[in-house]
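Protein chains in written order, with our numbering: chain A, 110 to 307; chain B, 4 to 272.
Backbone N, C-alpha and C define an ideal beta-carbon position, used for all residues, glycine too.
Predicted model only: the values in this text are computed from it and were never measured.
Just below is one structure, and these are the notes that go with it.
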Amino acid sequence: MNVYFSRISIILLFLVININAKAQKFLIPEDAIIQYAGSIGYLSVGAGYELFGNKRGNLDINYGFVPESKGGALHILTAKFAYRPFVINIGNFAKIYPFNPGIFIRYTLNNNLGFNFDTVQYPKGYYYFSEAARPHLSFSNEFQLIKGKVLERTGLKALSIYSEFNTNDYYLVNYFQNTTALSVTDIFKLGIGIRAKF
Amino acid sequence: MQFMKILFLLLTVACLSVGCNSFEFSPEQTFDRDSPKNLNAAGLSKMQNSRPKDDTIRFVITGDTQRSYNEVTKLVEKINTLENLDFVAVAGDLSEFGVLQEMEWLAREMEKMNAPYVAVIGNHDLVNKGASVFKKMYGDLNYSFIYRGIKFVCHDTNGREYGFSGKAPDINWLNQQVQPEAGVTGIVGISHVPPNSEDFDPALIQPYHSLFDQTPKFLASFHAHTHTYAEFGYPGSTVPYVITATAGLSEFLLVKIINNKLSYERIFF
């Protein structure tokens, strides 16, 4: 786990140094996102980056909050990667992306959730999971408006609504060991959101 | 293209049919709109309102139900065939990761049980936000109840989770609980980590078992955690410390108390 994260950090650092010249343009996000639920907060806001030449990929960075009245308080950072392999054109004004698989890593910032379990308190491997960092699998569908009065008035390039189902390692472990007592709908959780493209 | 449209339609229908219950704010949230509350209190009130058919107290000790929902389904079916059962106690590790969803899944299965049940905290239930989830869904980590003259003392023995800081088990609280009381003819302890485990606070092993061993009318101390059945005791005392096998091994303990004499049998399902 630690080796994996240090490698990712090195790659990210390398990227940041190398894109110095293009840095400003690179760092400005194309999308603004607001999402309800979906396991990354009661409400979360984020910035999205288009990936690849065909712009079918997305990297989103979100901050989410769960208030105490909704089972928190929790502060959550999420990095999402998703790809849109299919598109359905609706005339020349809208697109539907029906099935977009993705992965995301969620990091809960609360003090009492550790990235690792204390090595003094616990023997090695006593708990094999991380409390703070959680990997998720997701799939979403998206309805995207690309032309129309709303966009003209707001100056946006596109405006989308999406729904996203996700599950995580905790739920998958439980599911695969209990496929009769648990169903797929037990482990997939829903979120809905709006994505505005500038 | 036709295929894509159908796929989209199907997914939309799936979204709508699963509906609002699937909205999750975070796996670490400590409750949600539908999560059960105060289940221990509900179980106890069901017990107090029951009408026993004979003088024998019968209860089940199970534990370590984590990651074993398939087996819990069968456990509940088996328990439902037992006659005149007073209650069921789950001796900790209801969950693997201490998250709400796991405790909800267990509660959903346990709801199908005819007999009332109570739950006791396990070490796995204390990771993540588990302690808060447990408190809201079940109740206190240390609690006791008197049922037909027997006092059941349910408590947190997960010392390692507190860094062996002397907080768990709470010896002072236990000492108060085992004091002589009018109407109490016997005392039974129920907790997760047994005192012979490496996860029991080493400094508290001696005070813990001495307290139980020296308490008159202390009938037995029930545990889980080590996943296999065992019984042990300490020199100079007749108090048995009994560990139930995990629900995943398709085994539980059926305990009977007749005239203040406790006996138990291992039931396989």
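- The C-beta of Arg304/A comes no closer than 8 Å to any C-beta of chain B.
- Chain order gives no chain B residues near Ile214/A, where near means a beta carbon separation below 8 Å; the closest approach is about 13 Å.
- Interface with chain A (8 Å Cβ-Cβ cutoff): Val102/B is included.
- Chain A has no Cβ within less than 8 Å of the Cβ of Thr160/B.
- Taken through DSSP and simplified to helix, strand or coil, Phe235/B comes out as strand.
- Residue pairing from DSSP places Ser266/B in a beta bridge opposite Lys259/B.
- For Gln144/A, no alpha helix (DSSP H) encloses it; the enclosing beta strand (DSSP E) starts and ends at Asp140 to Ala146.
- Sequence-distant Cβ neighbours of Phe34/B in its own chain, meaning closer than 8 Å and more than five residues away, are Lys40, Leu103, Val136, Lys139 and Met140.
- Distances from the alpha-carbon of Gly125/B to those of Ile193/B, Asn263/B and Leu207/B put Ile193/B closest.
- Scanning Val293/A, Glu261/A and Glu273/A for the CA closest to the CA of Ile301/A turns up Glu273/A.
- Residue state for Phe135/A is assigned as helix, using DSSP reduced to three classes.
- Apart from the 5 residues on each side of it in sequence, Gly46/B sits with its Cβ closer than 6 Å to the Cβ of Pro119, Tyr120 and Val121 in its chain, given in chain order.
- Phe255/B is outside the set of residues whose beta carbon lies under 8 Å from a beta carbon in chain A.
- For Thr33/B, the nearest beta carbon of chain A is closer than 8 Å to its own beta carbon.
- For the set Asn145/B, Tyr72/B and Arg61/B, the Cα lying nearest the Cα of Phe90/B is the one of Arg61/B.
- Inside the segment 226 to 298 of chain A, DSSP marks whole alpha helix (DSSP H) runs of 4 or more residues at positions 258 to 263, 278 to 286 and 293 to 296, from first to last along the chain.
- Looking from the CA of Gly200/A, the closest CA among Tyr231/A, Lys256/A and Leu281/A belongs to Lys256/A.
- Residues of chain A with a Cβ closer than 7 Å to the Cβ of Glu105/B are, in chain order, Asn283.
- By alpha-carbon distance to Arg151/B, the top candidate from Glu268/B, Ser53/B and Phe272/B is Ser53/B.
- Listed in chain order, the alpha helix (DSSP H) runs fully inside the segment 65 to 153 of chain B are 72 to 82, 103 to 113 and 133 to 140, counting runs of at least 4 residues.
- Classified as buried, Ser153/A has 16 or more neighbouring CB atoms from the shown chains inside 10 Å of its CB.
- A Cβ-Cβ distance of about 7 Å is found for the pair Tyr172/A and Gly155/A, placing them in contact under the 8 Å criterion.
- Looking at Val282/A, Ile142/A, Pro194/A and Tyr237/A, the one whose alpha-carbon comes closest to that of Pro210/A is Pro194/A.
- With a 10 Å radius around the Cβ and a threshold of 16 neighbouring Cβ atoms, Phe224/A comes out exposed.
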